[in-house]
Amino acid sequence: MALHLKIVTPEKTIFSDTVGNAYLPGADGELGVLDGHAALVTALQPGELRYEKDGTTTVLAVGSGFAEVTQHQVNVLTDMAMGEDQIDEAKVEEAMKRAEEQLKGISHDHDAEEVAHLQAMIAKSLAQLKVKRRHHH
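Here it is, written out as structure tokens:
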């Protein structure tokens, strides 16, 4: 048997294929999944999702969401999944700066939802930058 990884965003299925392993940014830290893993559902936080296929490791920046793991399948539902080549570093930095500035301008007791939204945007930006820069150091 082999592990099947499916990554889905609201827009489309990003990836659906058999992989050697998958590493997900779980709420409690990185979660490694191999074929035959115990079934579980876990929340994802913005970060790096890695998988290996035919000896090549692919890294994606993912947003928040959740993963459903069964013995031979991993279904990832996330609001963002981007490969290194899709990430525009300058744009991401700009969006992050804007979000940070907006965050400074909000009184925190004022609008918890807006604060959470901006914090999520910042976390996703950081995830993208980390993926983009990992090979350049």
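Offset between the sequence shown (1-based) and my numbering: plus 140.
C-beta: ideal position from N, C-alpha, C; glycine also.
Cut-off 6 Å between Cβ atoms - residues of its own chain near residue i, not counting five sequence neighbours on either side
i	result
G126	The structure shown does not extend to residue 126, since the chain is modelled only from 141 to 277, so the question has no answer here.
A201	M222, A267, Q268 and V271
G166	T182
L145	V159, A162, Y191 and V214
Residue nearest to residue i in terms of C-alpha spacing, selected from the options
i	options	result
G172	Y163, V232 and V148	Y163
E241	G187, L189 and L258	L258
D168	D219, D251 and G187	G187
A263	H250, I246 and E233	E233
V199	T210, L174 and D225	D225
D219	H144, K152 and A142	K152
L143	A179, P150 and T149	A179
Straight-line Cα distance separating residue j from residue i
i	j	result
V214	K237	34 Å
E170	A260	18 Å
I147	V255	27 Å
R273	H177	31 Å
E208	L243	32 Å
Q211	D157	15 Å
A230	S204	22 Å
D175	I154	21 Å
T108	E253	With the chain covering only 141 through 277, there is no way to say anything about residue 108.
T197	D228	21 Å
Three-state secondary structure (DSSP) of residue i
i	result
L258	helix
L174	coil
M236	helix
A263	helix
K146	strand
A162	strand
A179	coil
A252	helix
D157	strand
A230	helix
Residue i CB to nearest heavy atom of the ligand GDP below 8 Å
i	result
V216	The ligand GDP is not among the ligands present in this structure, which contains no ligands whatsoever.
Close Cβ partners of residue i (< 7 Å) along its chain, the five nearest in sequence each way excluded
i	result
F206	V181, T182, A183, L184 and L217
Close beta carbons around residue i, own chain, < 8 Å, minus the five adjacent residues each side
i	result
S265	V232, E233, A235, M236 and A239
Next item on the list: Within the segment 182-213, note down every full beta strand (DSSP E) run reaching 3 residues or more, in order along the chain.
Entry: 187-193, 196-202 and 205-210
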